[in-house]
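Going from the sequence shown to the numbering used here is simple: count from 1 and add 1. Every residue gets a Cβ at the ideal spot worked out from N, C-alpha and C, and that includes glycine.
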Amino acid sequence: MSYLLINFWFTRVQANKAALKAVILNRFGDFGLFFAILLIYLVYNCFDFAVIFVVTPHITDYTFNILGYEINAITLIASFLLLGVIGKSAQLGLHMWLPDAMEGPTPVSALLHAATMVTAGVFLVLRCSPLISYSIIILKVITIVGALTTLFATTMSIVQNDIKRVIAYSTCGQLGYMLFACGLFNYSAGIYHLTTHAVFKALLFLSAGSVIHGLNDEQDMRKMGGLVNLMPLTYQCMLIGSLAIAGFPFLSGYYSKDIILETSYASYCWEGNIATIIGYVAAFGTIFYSFRLLFLTFLTKPRMSQKTIKNVHEVGTFMMIPLVVLSFCSIFAGYMLKDLFIGLGTPTWNNALFNYPYNNLLLEAEMLQREVKYLPVIALFYGVLIPIWEKLENVADIQKQD
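Here is the structure:
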């Protein structure tokens with residue numbers, strides 16, 4: 002199905018290549034998931050989640066003898082599951098198909114990259130958490146892979162000029178946040194961020210689609226500018242989505258991303274320290290590329306021809322309704338779902354997500370120093386200042402040349 006959606010414009014050579022790349026790279030993930038399923042049947046003799054999760058604590062010492070080496074069965078199963086997650090969620094190493102998948106129509110991008118396809122890998126980790134949690138080695142690997150993916154994808158987003166590729170790499174980075182939260186036993190925060198991310202990322206993709214539609218299929222941000230007056234409703238929706246992903250206080254991303262950073266800081270283990278440092282650096286980068294996108298697309302001087310400027314238009318009412326609905330959800334979803342996902346004592350997902358009885362990460366996060374909680378807001382302030390400073394410097398250089 003993803004092949005057909007990405008290759009919707011089948012007459013384009015780049016769309017054909019992108020669809021083939023998605024199919025081929027996802028086969029690596031399918032290979033891992035297939036072998037994980039075979040091993041699960043070999044060990045448990047069934048596919049029933051309830052049976053598997055009940056039996057797992059009693060077979061932690063069960064091993065396979067492979068070429069004379071004793072390999073823990075749960076670790077081997079979890080490693081193949083991880084391969085499936087890396088392929089499906091476009092993590093570092095198998096990430097190449099996701100940015101190229103932007104060749105598909107923008108609604109397809111919003112569907113695949115916000116709420117369904119790429120989040121399937123994260124959901125696999127969440128659903129299999131009662132199994133994966135008994136393999137500490139794989140959890141550490143999940144944490145490191147997620148953190149490195151977050152750093153890499155955020156860096157790539159900063160240097161992209163295609164408006165859809167910026168948001169695509171942003172998706173990779175946010176999936177990395179979810180994964181390293183799961184690797185640190187913070188499954189509830191992972192699914193919380195998965196839910197809020199689906200809302201504001203769909204808003205960003207559809208807002209980008211509105212811009213592309215209004216500019217007659219132009220996607221290069223260097224050929225845009227000045228759209229704040231020509232497409233004011235689209236600008237407001239894009240602004241809300243950018244503020245949400247940047248973690249602006251009291252928007253959806255503020256709640257879900259900050260709880261991941263706080264609980265990773267409170268994990269007090271070496272992989273948690275690495276994830277925390279990378280998470281805060283990536284949070285700053287997220288703010289930077291979000292406002293860079295806003296400045297290049299809406300707030301700088303127009304860099305289009307006069308003919309293009311005259312033809313710029315807002316999308317119709319029917320296409321604007323989803324943007325408005327998603328904007329309201331991006332503002333209120335984080336607050337409305339906070340107690341449901343990460344509230345203390347709430348029964349949401351109680352029999353699906355695994356936690357050790359002594360896992361007090363959410364309580365530890367509540368007791369952190371005030372300075373740690375303020376770090377993302379400080380990063381937000383400086384991340385906004387840098388694009389503004391660059392804009393002022395460019396204006397000053399132009400005035401000097403004149």
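- Exposure of I67 is indicated by the presence of fewer than 16 other C-beta atoms within 10 angstroms of its C-beta.
- By the criterion of a C-beta distance shorter than 6 Å, W98 is surrounded in its chain by K22, A23 and L26, once the five residues flanking it on both sides are discounted.
- Within its own chain, the residues whose Cβ lies closer than 7 Å to the Cβ of I138, once the five positions on either side in sequence are excluded, are T76, listed in chain order.
- The Cβ atoms of I159 and G280 do not sit closer than 8 Å to each other.
- Going by beta carbons, A283 and T151 fall inside the 8 Å limit.
- Classified as buried, G254 has 16 or more neighbouring CB atoms from the shown chains inside 10 Å of its CB.
- Contact annotation, K165 with S208: C-beta distance approximately 11 Å; criterion of less than 8 Å not satisfied.
- Assigned with DSSP and collapsed to three states, Y70 falls in strand.
- For D340, the uninterrupted alpha helix (DSSP H) run begins and ends at T318 to I343, by DSSP.
- For Q370, no alpha helix (DSSP H) encloses it, and the DSSP letter there is neither H nor E.
- Under DSSP, T76 takes part in no beta bridge, so it has no partner.
- Cβ neighbours of V52 within its own chain (closer than 7 Å, five residues either side excluded): Y45.
- Scanning its chain for C-beta atoms nearer than 6 Å, with the 5 sequence neighbours on each side dropped, one finds around Y4 the residues A20 and V24, in chain order.
- By the CB criterion at 8 Å, G210 and T117 fall outside the cutoff.
- Put simply, the backbone Cα of L295 is about 11 Å away from that of M225.
- T64 is bridged by DSSP to N73.
- Looking at the backbone, the Cα of A182 and that of S257 are separated by about 11 Å.
- By the Cβ test, the segment 260-277 is not in contact with the segment 166-174, since fewer than three Cβ pairs between them sit closer than 8 Å.
- Contact between L362 and N187 holds: their C-beta atoms lie close to 5 Å from each other, under 8 Å.
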